[in-house]
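Novice: All the letters of the sequence shown, read from the start, carry residue numbers -24 to -1, 1 to 288 under mature numbering (1 follows the signal peptide of the UniProt record, and there is no 0).
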Amino acid sequence: MMRGGHSVVKLIAMLAVFAGTSHAEFAPPKQVAAGVWFMEGDPHKGYANTVVIEMQRYLIVVDGSYPGRVEELLQEIPRLSPKPIRYAFMTHHHGDHAYGNALWTKAGVTTLATQGVREEMDRYEPERWLTTKPKREDMWTLPYDDVERPRQTFRGRKFVLKDGTREVDFLYMGWGHTRGDGYVWLPREHVLCTGDAVVNGPRNKLWDADLANWPHVIERAEALRPEIVLPGHGQQGGMEMLEGQARFLRDLRNACEEYLRRGLSVEQATKSLKLPAVDATWVRDDMTQDIEIEYSEIKAGKPAGSLPHTWQ
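Next up, the structure:
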């Protein structure tokens, strides 16, 4: 009986520990360099990845994701460092990277982005917010009818935060996944945060993209020669992730151009699609939407993101 009793007590204690770990039980924070942590987002909750960067007197968060994730991060990040969070940088305007903005502001954190992110929000919101809110439990109780815009933005190619600890470069390299894509580059550590401009897996939606230009933007990121690449979704990697994402986009474009020359419909192209095996990481089980978007861009001769479209 005593052994059984001890077992019950131990089980209760274990459950209590797990209940308190929230997201950390999915993917514990991983320190990728001194004072730099990579926190992989739970795909079952739709979360993006998050990066925490420690400066001399404060912290920077890259991509806070949905409101539920921001609530978790506000509990988890103090376990990494006691320093206050000063900035929360969103790499682009999509909900899984920006819909928690108001919670950051409420916590005294300055939300930061490229000017293009604000402009994309003005272009697509509040329609997408209002469409998403009924579908996500972590948004139901929010007293907002629109996504909060970043409190601070920058124009041009580069914005720098620097102190005695490190330099953090916020970069804009062109229209790829979205018009406002921002990257975060740590030049001393050779660490690059890409947002969804580069992901590890078939995780991207293409509707807001400039598909023809996107690989060229990634080439600019490759020129930095990062040793560690922290994507917006999926596990960390290196240069091979940048090269693979760009190659997949080019191969998909080439295939779709060939199918259009042959007069194939989207449905026929979907059935015929055979990309090289090296692209497998980025190929969805159902490529219909990706092919449809490629077809739209090729036919129009304009970026897909500039054409009328509904987010799906």
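Where is the CB? At the ideal position from N, CA and C, for every residue including glycine.
(1) Count Cβ pairs between the segment 202 to 209 and the segment 157 to 166 that sit closer than 8 Å; are there 3 or more?
(2) Can you tell me which of the three DSSP states Gln212 falls into?
(3) Span of the beta strand (DSSP E) holding Lys109?
(4) From Ser(-3) to Leu240, what distance separates their C-alpha atoms?
(5) Where does Pro99 sit, in a helix, a strand or coil, going by DSSP?
(6) Are the CB atoms of Pro126 and Ala89 within a distance shorter than 9 Å?
(7) So, with DSSP's three-state summary, where would you put Asp121?
(8) Do His68 and Thr154 have their CB atoms nearer than 9 Å?
(9) DSSP on Gln288, reduced to helix/strand/coil?
(10) How far does the alpha helix (DSSP H) with Trp190 in it extend, from its first residue to its last?
(11) Quick check for students: name the residue ranges of the beta strand (DSSP E) that lie wholly in the segment 209 to 248, counting only runs of 3 or more.
(12) Quick check on the DSSP output: the alpha helix (DSSP H) that includes Leu49 runs from which residue to which?
(13) Put Glu268 into one of helix, strand or coil per three-state DSSP.
(14) Looking at C-alpha atoms only, which residue of Asp39, Ile269, Leu225 is the closest neighbour of Val93?
(15) Roughly how many whole angstroms lie between the Cα atoms of Lys82 and Gln32?
(16) For Thr257 and Lys181, what's the separation of their Cα atoms in angstroms?
(17) Would you mind reading off the limits of the beta strand (DSSP E) that contains Ala9?
(18) Between Gly22, Glu243, Leu251, which has its C-alpha nearest Arg179's C-alpha?
(19) Would you call Glu16 buried or exposed, if buried means 16 or more other Cβ atoms sit within 10 Å of its Cβ?
(20) Can you tell me whether Arg260 is buried or exposed? The criterion is at least 16 other CB atoms within 10 Å of its CB, across all chains shown.
(21) For Val93, does the three-state DSSP call read helix, strand or coil?
(22) So, is Gly11 buried or exposed, given that buried needs 16 or more other C-beta atoms within 10 angstroms?
(23) Who are the near neighbours of Arg133 in its chain, counting only those whose CB is closer than 6 Å to its CB and skipping five residues on each side?
Specialist: Considering the structure as presented:
(1) yes
(2) coil
(3) Lys109 -> no beta strand (DSSP E), and no H or E assigned at all.
(4) Note that Ser(-3) scores 49 on pLDDT, short of 50, meaning its location in the model is unreliable; the coordinates nonetheless yield the value given after this. Spanning the two alpha carbons is a distance of roughly 48 Å.
(5) The displayed chain sequence assigns Arg, not Pro, to residue 99. It is helical.
(6) yes
(7) coil
(8) yes
(9) coil
(10) 190 to 198
(11) none
(12) 43 to 56
(13) helix
(14) Asp39
(15) 23 Å
(16) 15 Å
(17) 6 to 9
(18) Gly22
(19) buried
(20) exposed
(21) helix
(22) buried
(23) Tyr148
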